[in-house]
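A.B. asks:
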Amino acid sequence: MSATLIKQKYGKDLVRLVKVSPLPPHPQAPKLKRHIVQELTCRVLLGGKEFDSSYTLADNSKVVPTDTVKNTIYYLAKKSPASLLTIETFAHDIAVHFLEKYAHVQTVDVKIAAHNWTRIATTTLQPPLGSAPLVAHPHSFFRAGEDKRHVQLVATRLSTPGEGPLKVQFATTSGLTDLYVLKTTGSSFERFHRDELTTLPDMADRIFSTTVEAYWTFPTRVETFPVVIGAAASAIPYDEIYTGIRQVTVDLFANHDSPSVQNTLWRMGTEILKLYPDVVDISYALPNKHVFAYDTDRFGLKNLREGTNVYYPVADPSGLITATIGRSKPKL
């Protein structure tokens, strides 16, 4: 039997990075240091045919050590402007570095998750800041939730080293995960298919809870090097789009009188495509975080069909509703 190496990538995963960057002090509190804090978890994988021999021939001469990959992430975080800009731009700068520095690297696959730090709202500052009842503290933060911002950027070398300028294709997917939401009414599930194995009753009013996972793709683009490290990856307003998609998602979750998770998901996706022309498509995964009425009827306290206000959460099994919504192709 003969074997062949079909594909390979390698690199460093779970590289955790915190960067604290200065901001101008608040004009009413010039003596207080003001910062922005960013916490990222990064993965960088390198690929290329010249790495094949490290697998098949135990030849490590072309292998950039994964420790070097890790060090490079911290090096670029230090070298970047005052903050890491958007994570999409930081991912782009990481990919640019590896493709420019190592001619035998053909692909760079960068994944970054940004963790949520929110400024503490405090009633007092030392020294005091005006008379506002609550003030965002300039350098103290708390973890408001476990939701994370994501990017995956895959950079592929299109040109042959030494034959003209370096050309690279960039494919970028951004995302949002672990956004835990719940509403106590405004959701139903009725008139579904029934057969001899169906036990679920119609629910005209129910608790709707889910952990939102959403990923959206941008058009692939080709860049000709040299590319300046720290420059914007493109004219796409990544921060604005992320903030807008998050807001559309929670707005429609809260305000849409949902006949099903499927229909709410569809409305979210179509609204996002309407608002953000830079988005090619968007994929949602909305798992049910089931919350069921507890049976206190057996104790003489009605709770199942009327006066329902006591529930219990069920972790599993759970429903999982997914879809990808894209733009309709024009009819010829």
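Using the numbering used here, the letters of the sequence shown correspond one by one to residues 11 to 342. Even glycine gets a Cβ: it sits at the ideal position worked out from N, Cα and C.
1. In angstroms with no decimal places, state the Cα-to-Cα distance between Pro269 and Leu262.
2. Could you pull the start and end residues of the beta strand (DSSP E) that Ala123 belongs to?
3. How is Gln18 classed by DSSP in three states: helix, strand or coil?
4. Please report the residue range of the alpha helix (DSSP H) in which His102 lies.
5. Quick check: the Cα distance between Ile83 and Asp119, rounded to an integer number of angstroms?
6. Could you tell me if Phe418 is buried or exposed, where buried requires 16 or more neighbouring beta carbons within 10 angstroms of its beta carbon?
7. What residue range does the alpha helix (DSSP H) around Phe152 cover?
8. Applying the 10 Å Cβ sphere with the 16-neighbour rule, what's the burial state of Met278?
9. Compute the Euclidean distance between the alpha carbons of Leu67 and Glu60, then round it to the nearest angstrom.
10. How is the alpha helix (DSSP H) around Ile255 delimited, first residue to last?
11. Can you pull the DSSP bridge partners for Lys177?
12. Relative to the C-alpha of Tyr225, which candidate in Ser293, Lys41, Glu206 has its C-alpha closest?
13. To the nearest angstrom, report how far apart Gly254 and Thr280 are at their CA atoms.
14. If you follow the beta strand (DSSP E) that Thr128 is in, where does it begin and where does it stop?
15. Under a Cβ-count criterion, where at least 16 other Cβ atoms within 10 Å of its own Cβ denotes burial, should Ser197 be classed as buried or exposed?
16. Whole angstroms is fine: what's the gap from Ile282's alpha carbon to Arg53's?
17. Taking the C-alpha atoms as reference points, what is the distance between Ser184 and Glu250?
18. Quick check on Ala170: does DSSP put it in helix, strand or coil?
19. Determine the DSSP secondary structure at Ala303, reduced to helix, strand or coil.
20. How would you label Val258, buried or exposed, when you count the other beta carbons within 10 angstroms and need 16 or more for buried?
21. If you draw a straight line from the C-alpha of Met214 to the C-alpha of Thr195, how long is it?
22. His203: buried (16+ other C-beta within 10 angstroms of its C-beta) or exposed?
C.D. replies: Answer, in terms of the structure:
1. 13 Å
2. 117 to 125
3. Looking at Gln18 - three-state DSSP - the assignment turns out to be coil, as it is neither helix nor strand.
4. 97 to 111
5. 13 Å
6. Residue coverage of the chain in this structure runs from 11 to 342, which leaves residue 418 outside it and unanswerable.
7. Where Phe152 is concerned, there is no enclosing alpha helix (DSSP H), although the beta strand (DSSP E) it sits in stretches over 145 to 152.
8. Counting Cβ neighbours within 10 Å, Met278 comes out buried, since at least 16 surround it.
9. 11 Å
10. 248 to 265
11. For Lys177, which the question treats as bridged, DSSP gives the partners Thr234.
12. Nearest option by C-alpha distance: Ser293.
13. 13 Å
14. 128 to 132
15. buried
16. Here the alpha carbons of Arg53 and Ile282 stand approximately 28 Å from one another.
17. 12 Å
18. Correcting the residue type first, residue 170 is Thr in the shown sequence and not Ala. Correct three-state label for Thr170: coil.
19. strand
20. buried
21. In the sequence as displayed, the identity of residue 214 is Ala instead of Met. Answer to the nearest angstrom: the Cα atoms are 10 Å apart.
22. The residue is exposed, with fewer than 16 neighbouring Cβ atoms inside 10 Å.
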